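Asks: Have a look at the structure that comes next, please.
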Amino acid sequence: MTGINTKVNIGGLELKNPVMTASGTFGYGPEFADFMDLSRIGGIIVKGTTLHHREGNPYPRMAETPSGMLNAVGLQNKGVQYFADHIYPEIKDIDSHIIVNVSGSQIDDYVKTAEIINELDQIPAIELNISCPNVKEGGMAFGVTTKGASEVVKAVRKVYNKTMIVKLSPNVTDITEIARAVEASGADSVSLINTLLGMAIDAEKRKPILSTVTGGLSGPAVKPVALRMVWQVAQAVGVPVVGLGGIMNGRDAIEFMLAGASAIELGTANFIDPTVCVRVADEIEDYMKRHGFSDVNDLIGALEL
Amino acid sequence: MLDLTVKSCEMLNAQYVLIKLSHEEKLPEMGAGQFVEVRVDNSPTTFLRRPISINFVDRERNELWLLVQLVGDGTRAMAQWKPGDICNCLLPLGNTFSLPLDKEPSVLLIGGGVGTAPMLYWGALLKAQGYKPTFLLGARSRKDLLQLDDFAQYGPVYTTTEDGSHGEQGFVTQHSILNKETFQMIYTCGPKPMMMAVAQVANRLMIPCEVSLENTMACGVGACLCCVEDTKEGHKCVCTEGPVFNTEDLKWNNL
């Protein structure tokens, strides 16, 4: 669109617009190609990838909750080598940035996975997932202490030389201290929030709904919490912040940018409206026109107190 | 993604509503076993889309039929729809039942409860292709047996009810037709315990069997991996790798 700049920069990675997809909600991208032009998306963050194949958790893995949902998928994926050999060739030429979400249960897993992704030319960034609440070992355990977060980020930084976004857990007392720790350890950007740990019970059966009892809450139900944390973290760190948590439309996305996010991710919204990424990109431009902004970067942290 | 228009919304009894939807343009090709992800509204308790199986496609009238059991806030909201209302759907989703391998035309379609829904369309398609579908429908009682006249257009209809108010008393797997006639393929949809029992009978009779599964679902397009079923090749998505599975591919304990 002429006269309007929608490009943003996330720790060295330039996005054509601030809209990305949240890991685990968009598959690898082609799942949504029937619904929209994937090249309209700033970045596609693909399903969480681990060193080895993971079957994930038993079902039931999902519970609908008021204005949201709980999931307990547990990082089901075929492992990084399968990704590199079979999935990467299918998606590398999509005209958007493909970003791989990397997870693991030990530091060495993260390192080995990141090394393999580092070799893939058309993957310009990783999102390091130190915040998955649905795996027994690792995952969120790294993301809830400054020590654990620093160790894994430092170790991956040694082997990964492109843009590293670190995805933070909201299940902590003070998210800003984790954010500062990962910044000091070499993160180029932080994304937040991963899901909030939650639970659903079937009163009739007196049983938990999820096979894992607890799971990760997402959707508009978490948006105020996410917005608050993005606001706090944007004050605390110098690296760009990627905001996510319950964003359903352009107005929500603008709110996250005003709070300090340089880009946003759409997650659960993809399940309700598979065209939401394009709609939000359009709605951000509409907002800019209505309010006389010519550069989307002028919205970042523009909250008037 | 299509905005369909409600043509009619008719309660068949206190528990079931039949919704007929249409579109200004020709509806896309749809197979039996496939489903629709219906957006209900924006109320907090009906946040996600509802996966509803395709009950029938009337090509002449350009209508898609959904037979919906009222189980929660979403389905109850659907029952309130009025002609002219707009219904946003992702469709068609999932795989379809597959035709029998042999030329022998006799096949058995077993439905229980709301699981009878996809059997109507499958029966119609089978008959149109020269097969002879027999229907075996199970319910709690007479009032829960739905669309019997519609089924009868495509083949003989046998029923079981738990209270004996229609057909033979008992469960579908106890019906005498299973011992009287031979079928080269069984298709089934219904409550999971029923499908497991049907699969066991089919296994004993050495008849191939396809089941149409349901599961709590979010995206419907294979992205979220919420709706998996245990198969011999690991977890598979009911939404994209199903909902129809051959029972020999499933890891069901009783098989």
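Chains B and A are the protein sequences, given in the same order. Here my numbering = 1-based position in the first sequence + 337. Here my numbering = 1-based position in the second sequence + 27. Ideal Cβ positions, reconstructed from N, Cα and C, are used throughout, including at glycine. These numbers come from a predicted model, not from an experiment.
(1) Determine the closest residue to Asp112/A out of Thr32/A, Thr188/A, Asp176/A, with distance taken between C-alpha atoms.
(2) How about the segment 409-422 of chain B and the segment 537-554 of chain B: do they share at least three Cβ pairs that are nearer than 8 Å?
(3) Please state if the CB of Ser468/B and the CB of Lys504/B are separated by a distance shorter than 8 Å.
(4) Give, in chain order, every unbroken run of the beta strand (DSSP E) that is at least 3 residues long and sits entirely within the segment 243-277 of chain A.
(5) What is the residue span of the beta strand (DSSP E) that His628/B lies within?
(6) Do the segment 245-256 of chain A and the segment 199-215 of chain A meet, that is, are 3 or more Cβ pairs less than 8 Å apart?
(7) Can you round the beta-carbon distance between Leu529/B and Val567/B to whole angstroms, since I take them to be within the 8 Å contact cut?
(8) Need the endpoints of the alpha helix (DSSP H) that Arg565/B sits in, please.
(9) For His262/A, return the contacting residues in chain D, with the cut-off set at a CB-CB distance below 7 Å.
(10) Within 8 Å (strictly less), CB to CB, does Gly416/B reach chain A?
(11) Any idea if Arg13/A is buried or exposed, counting beta-carbon neighbours within 10 angstroms, 16 or more meaning buried?
(12) Under 8 Å, Cβ to Cβ, is there at least one residue of chain A near Gly405/B?
(13) Please give me, in chain order, every unbroken run of the alpha helix (DSSP H) with length at least 4 that falls completely inside the segment 428-493 of chain B.
(14) Drop a sphere of 10 angstroms on the beta-carbon of Thr102/A, count the other beta-carbons inside from all chains shown, and report buried for 16 or more, exposed for fewer.
(15) Report back the beta-carbon spacing between Leu352/B and Lys344/B to the nearest angstrom; my notes put them in contact at under 8 Å.
(16) Between Thr402/B and Phe608/B, how many whole angstroms is the CB-CB distance? I'm expecting something under 8 Å.
(17) Using a C-beta to C-beta distance shorter than 8 Å, which residues of chain A count as neighbours of Pro318/B?
(18) Straight-line CA distance for Pro132/A to Lys159/A?
(19) Do the segment 88-99 of chain A and the segment 616-634 of chain B touch if we need at least three Cβ pairs shorter than 8 Å?
(20) Once the 5 residues before and after Pro577/B are set aside, which same chain residues still bring their CB inside 6 Å of it?
(21) The alpha helix (DSSP H) with Ile382/B in it runs from where to where?
(22) Once the 5 residues before and after Pro235/A are set aside, which same chain residues still bring their CB inside 6 Å of it?
(23) Is the CB of Gly553/B under 8 Å away from at least one CB in chain A?
(24) Please list the residues of the segment 581-605 of chain B that have a C-beta atom closer than 8 Å to any C-beta atom in chain A, keeping them in chain order.
(25) Going by DSSP in three states, Arg66/A sits in which element: helix, strand or coil?
(26) Residues of chain B with a CB under 9 Å from the CB of Arg66/A: which are they?
(27) Three or more C-beta pairs under 8 Å: does that hold for the segment 181-188 of chain A against the segment 208-227 of chain A?
(28) Quick check on Ala590/B: buried or exposed, where buried means 16 or more other Cβ atoms within 10 Å of its Cβ?
(29) Less than 8 Å between the CB atoms is what I'm expecting for Gln459/B and Ile424/B, so what's the real figure, rounded?
(30) Taking 8 Å as the CB-CB cut-off, is Pro71/A touching chain B?
(31) Assuming Gly60/A and Pro145/A are in contact, meaning their beta carbons sit under 8 Å apart, how far apart are those beta carbons, in whole angstroms?
(32) What is the DSSP secondary structure of Asp371/B, counted as helix, strand or coil?
(33) Can you name the residues that DSSP bridges to Ser239/A?
(34) Between the C-alpha atoms of Gln180/A and Trp149/A, what's the straight-line distance to the nearest angstrom?
(35) Helix, strand or coil for Trp279/A? Go by DSSP, reduced to three states.
(36) Considering only C-alpha positions, which residue in the set Met244/A, Leu173/A, Leu153/A, Gly139/A is nearest to Met223/A?
Replies: Result, derived from the coordinates:
(1) Thr32/A
(2) yes
(3) yes
(4) 255-258, 261-264, 271-273
(5) Careful: His628/B lies outside any beta strand (DSSP E), inside the alpha helix (DSSP H) at 613-628.
(6) no
(7) 6 Å
(8) 560-573
(9) Looking for chain D here will not work: the only protein chains present are B and A.
(10) no
(11) With chain A covering 28 to 282 only, the question about residue 13/A has no answer from this structure.
(12) yes
(13) 444-455, 477-480
(14) buried
(15) 7 Å
(16) 13 Å between Cβ atoms; not a contact.
(17) Residue 318/B is absent from the structure shown; chain B starts at 338 and stops at 642.
(18) 5 Å
(19) no
(20) Ile347, Gly348, Ser526, Ser599
(21) It is not in any alpha helix (DSSP H) - Ile382/B instead sits in the beta strand (DSSP E) that spans 380-386.
(22) Met212
(23) no
(24) Thr605
(25) coil
(26) Ile609, Asp610
(27) no
(28) buried
(29) With 8 Å as the limit, Gln459/B and Ile424/B do not qualify as a contact, their Cβ atoms being about 12 Å apart.
(30) yes
(31) 6 Å
(32) coil
(33) Cys216/A, Val271/A
(34) 12 Å
(35) coil
(36) Gly139/A
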